[in-house]
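In mature numbering (1 follows the signal peptide of the UniProt record, and there is no 0), the protein residues as written are -16 to -1, 1 to 163.
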């Protein structure tokens, strides 16, 4: 502010012009004024889903990368997650956080492994090789997404996972802030 008002006295018109310059340079949007017809809305986006809607099942192994479709949706605020495809589609440009948790009963030949994928590009993976008993893993990532970017979870080849009514295998995400 000192650089902007340097050279000006304390005259009212100078202070008013300095204020106009400061408002124009303000890094944050000004709040809406009552009665001006301006309406601000914050986009709300959050989802959490697990593998099965009911029952128990061992899924895999598959010979190739396979998209995991999480059928049981606990939360889907903003309807950005599609339980028919397993895809999350960003409705607004912003920073989002995603997490996956995976698990299966151990087998020496079949690990459990999955990758968070953004627009067909692998981002972060979770992996567990448990020869016996139950093994689990998880990972999370924060991503800048553009409108229409797609995030989903993909099985690795030769992987398998198990789920039941306890919902061990989950995929969750939420918008942190818009950009």
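Cβ atoms here follow ideal geometry from the backbone N, Cα and C, with glycine treated the same way.
Secondary structure at residue i, three-state DSSP: helix, strand or coil?
i	result
residue 37	coil
residue 105	strand
residue 90	coil
residue 29	coil
residue 147	strand
residue 132	coil
residue -13	Only weak support exists for where residue -13 lies, its pLDDT of 38 falling under 50; the coordinates are left without a value.
residue 47	coil
residue 158	strand
residue 120	strand
residue 62	coil
residue 99	strand
residue 85	strand
residue 138	strand
residue 110	strand
Using the C-alpha atoms, what's the distance from residue j back to residue i?
i	j	result
residue 130	residue 136	15 Å
residue 158	residue 120	23 Å
residue 46	residue 92	16 Å
residue 69	residue 102	14 Å
residue 37	residue 43	14 Å
residue 152	residue 67	17 Å
residue 41	residue 63	26 Å
residue 115	residue 65	33 Å
residue 39	residue 160	33 Å
residue 149	residue 128	33 Å
Take residue i and list the residues in its own chain whose beta-carbon comes closer than 6 Å to its own, dropping the five residues that flank it on each side.
i	result
residue 61	28, 30
residue 113	95
residue 106	99
residue 71	134, 136
Is the CB-CB distance between residue i and residue j below 8 Å?
i	j	result
residue 162	residue 84	no
residue 52	residue 108	no
residue 141	residue 73	no
residue 110	residue 86	yes
residue 118	residue 89	yes
residue 79	residue 126	yes
residue 34	residue 59	no
residue 143	residue 97	yes
residue 122	residue 82	no
Identify, in the order they occur along the chain, each residue of the same chain with its Cβ nearer than 7 Å to the Cβ of residue i, setting aside the five sequence neighbours on each side.
i	result
residue 133	74, 102, 103
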